[in-house]
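Presented below is the structure to which this report refers.
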Amino acid sequence: MTSATSRSNAGLIDPLAARLQFERRARGFDAHDFFHREVESRLLERLDPLRIEPTRAIDLGCGTGHALGVLAERYPRADWTAVDLAGGMLARARVRAREAAGLGGTVARLLGRVGMGGIAQRVPATRPGAASLAGAGFVQADFARLPFADNSFDLLWSNLALHYAPDIGRVVGEWSRIARPGAALMFSCLGPDSLRELRAIWPGDAPRAFVPFADMHDLGDLMVHSGFVDPVMGMERITLTYADPTRLLSELRALTGNPLAARAPRLHARRLRADFLAALDGARNADGVIPVTIEVVYGHAWAGEPRQKREPLPGGGEIASVPVASLKRGGRPNA
Numbered sequence: 042m043t044s045a046t047s048r049s050n051a052g053l054i055d056p057l058a059a060r061l062q063f064e065r066r067a068r069g070f071d072a073h074d075f076f077h078r079e080v081e082s083r084l085l086e087r088l089d090p091l092r093i094e095p096t097r098a099i100d101l102g103c104g105t106g107h108a109l110g111v112l113a114e115r116y117p118r119a120d121w122t123a124v125d126l127a128g129g130m131l132a133r134a135r136v137r138a139r140e141a142a143g144l145g146g147t148v149a150r151l152l153g154r155v156g157m158g159g160i161a162q163r164v165p166a167t168r169p170g171a172a173s174l175a176g177a178g179f180v181q182a183d184f185a186r187l188p189f190a191d192n193s194f195d196l197l198w199s200n201l202a203l204h205y206a207p208d209i210g211r212v213v214g215e216w217s218r219i220a221r222p223g224a225a226l227m228f229s230c231l232g233p234d235s236l237r238e239l240r241a242i243w244p245g246d247a248p249r250a251f252v253p254f255a256d257m258h259d260l261g262d263l264m265v266h267s268g269f270v271d272p273v274m275g276m277e278r279i280t281l282t283y284a285d286p287t288r289l290l291s292e293l294r295a296l297t298g299n300p301l302a303a304r305a306p307r308l309h310a311r312r313l314r315a316d317f318l319a320a321l322d323g324a325r326n327a328d329g330v331i332p333v334t335i336e337v338v339y340g341h342a343w344a345g346e347p348r349q350k351r352e353p354l355p356g357g358g359e360i361a362s363v364p365v366a367s368l369k370r371g372g373r374p375n376a
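Offset between the sequence shown (1-based) and our numbering: plus 41.
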């Protein structure tokens, strides 16, 4: 049975609050993005077995653009588009892409200036994927209303972004709409077991502090409903440990924030913070550290033919109840 909260957080998540929180985080994001990069590397490993040569690809929720550089190097012939809800994130991603695109030539010039011309001759003027990065498009947009034509992309990538969507079903429907038949979708997001230790000791009303993340089986059902085929879902739990409760809260804010519409008023939140820090200090394990579980959901699927695609799920509609475990695994649909 699929719950309403698993397929839609409409009314729970405040889209404006989500965007403003990411705008504020943009400046210091790279200093706290260790978890995003760790999940990015694991998602890239899941991309390794796919035999694809995309010509148009999109990074949905690009943040400051680290994954974009890695992906452009892997698929240098693709035209890349990076999308994020926050303009501040996009601005930093654009700068990172331009710097990476010209890095090879810069290194060669510097080596030549210090008398290492022989080595400089072996440094490529541009790195693999430099042309893709130099020509990448950067678009600020809501995932549920993407400004792209139908059947635009043959690779869709999204790392740790989907769980912030107020209506996940509509977002997955948009992803299906912009995907060309046979396009690959690869994404990660947070799962419902995330932050379980923190939910248990939160001194206030937990539904006002923690986003209800979707279950991987519900996400698989949503992909099938939206027209993706052969979904392969995976999940793992990663345990982070902290000696300092204040650092834990700082990094948690960078990872998840609180975009809930019913979040506590600021003054009340300050009081809760003091109580929460005290509760965290008392939640240390036998090793003297505070454990925090993060459930990461991974998803991969292929875009179906246009006749297989359906309209995005309306807020009160039913979804196709197809157990992901019963679906064909791991193969690309026959042409």
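Backbone N, C-alpha and C fix where the C-beta goes; we use that ideal spot for every residue, glycine too.
- Task: Label Phe75 either buried or exposed according to how many other C-beta atoms from any shown protein chain fall within 10 Å of its C-beta, with 16 as the threshold for buried.
- Result: exposed
- Validate contact between the segment 227–241 and the segment 328–336 using beta carbons, cut 8 Å, 3 pairs: yes
- What is the rounded straight-line gap between the Cα of Gly268 and the Cα of Arg92? 21 Å
- Using DSSP with H/G/I as helix, E/B as strand and the rest coil, what is Leu61? helix
- Query: Looking at the structure shown, is Arg139 part of a helix, part of a strand, or coil, going by DSSP?
  - Reply: helix
- Task: Flag this pair as yes or no: are the beta carbons of Asp271 and Trp198 separated by less than 8 Å?
- Result: no
- Would you kindly work out how many angstroms separate the C-alpha atoms of Ala141 and Gly110, rounded to a whole number? 7 Å
- Message: For Ala320 and Arg218, I'd like the C-alpha separation in whole angstroms.
- Response: 46 Å
- Contacts around Leu131, its chain only, beta-carbon distance under 6 Å, and the 5 residues preceding and following it disregarded: Asp125, Phe179 and Gln181
- Item | Separation of Glu86 from Ala113, as counted between CA atoms | 15 Å
- Query: At which residue ranges does the segment 79–112 contain complete beta strand (DSSP E) runs of 3 or more residues, listed in the order of the chain?
  - Reply: 97–101
- Task: Classify Gly82 as buried or exposed, calling it buried when 16 or more other Cβ atoms lie within 10 Å of its own Cβ.
- Result: Reading off the sequence, residue 82 comes out as Ser, not Gly. Ser82 comes out exposed.
- Item | Contact belief for Cys230 with Leu263 at Cβ below 8 Å, rounded distance in angstroms | At roughly 12 Å, the Cβ-Cβ gap does not stay under 8 Å, so Cys230 and Leu263 are not in contact.
- Item | Opposing strand residues paired with Gly340 [DSSP bridges] | Phe228 and Met274
- Task: Classify Gly223 as helix, strand or coil using the three-state DSSP reduction.
- Result: strand
- Report yes if the CB atom of Ala172 is closer than 8 Å to the CB atom of Pro117, and no otherwise. yes
- Message: Using a Cβ-Cβ cutoff of less than 6 Å, which residues in the same chain neighbour Asp120 once the five nearest sequence positions on both sides are dropped?
- Response: Arg97
- Query: Among residues of its own chain, excluding the 5 on either side of Phe194, which ones have a beta-carbon nearer than 8 Å to its beta-carbon?
  - Reply: Pro95, Arg97, Ala98, Ile99, Thr122, Ile219, Ala220, Arg221 and Ala224
- Task: Give the straight-line distance between the Cα atoms of Val273 and Thr280, rounded to the nearest whole angstrom.
- Result: 23 Å
- When the distance is taken between beta carbons, is Gly129 closer than 8 Å to Ala67? yes
- Beta carbon of Ala138, beta carbon of Leu174: below 8 Å? yes
- Phe269 (DSSP reduced to helix, strand or coil): strand
- Since Gly176 and Ala134 are thought to touch, with beta carbons under 8 Å apart, how far apart are those beta carbons, to the nearest angstrom? About 14 Å; that fails the 8 Å criterion.
- Taking Asp259 as the reference, give the member of Tyr283, Arg288 and His204 with the closest Cα. His204
- Query: The alpha helix (DSSP H) with Leu389 in it runs from where to where?
  - Reply: Nothing can be reported for residue 389, as the shown portion of the chain is limited to 42 through 376.
- Using DSSP with H/G/I as helix, E/B as strand and the rest coil, what is Ala315? helix
- Query: Nearest-angstrom Cα distance between Val80 and Phe254?
  - Reply: 17 Å
- Message: Quick check: the Cα distance between Ser291 and Asp328, rounded to an integer number of angstroms?
- Response: 22 Å
- Message: Please classify Asp89 as buried or exposed, where buried requires at least 16 neighbouring CB atoms within 10 angstroms.
- Response: exposed
- Item | Where Phe76 sits in the DSSP three-state scheme | helix
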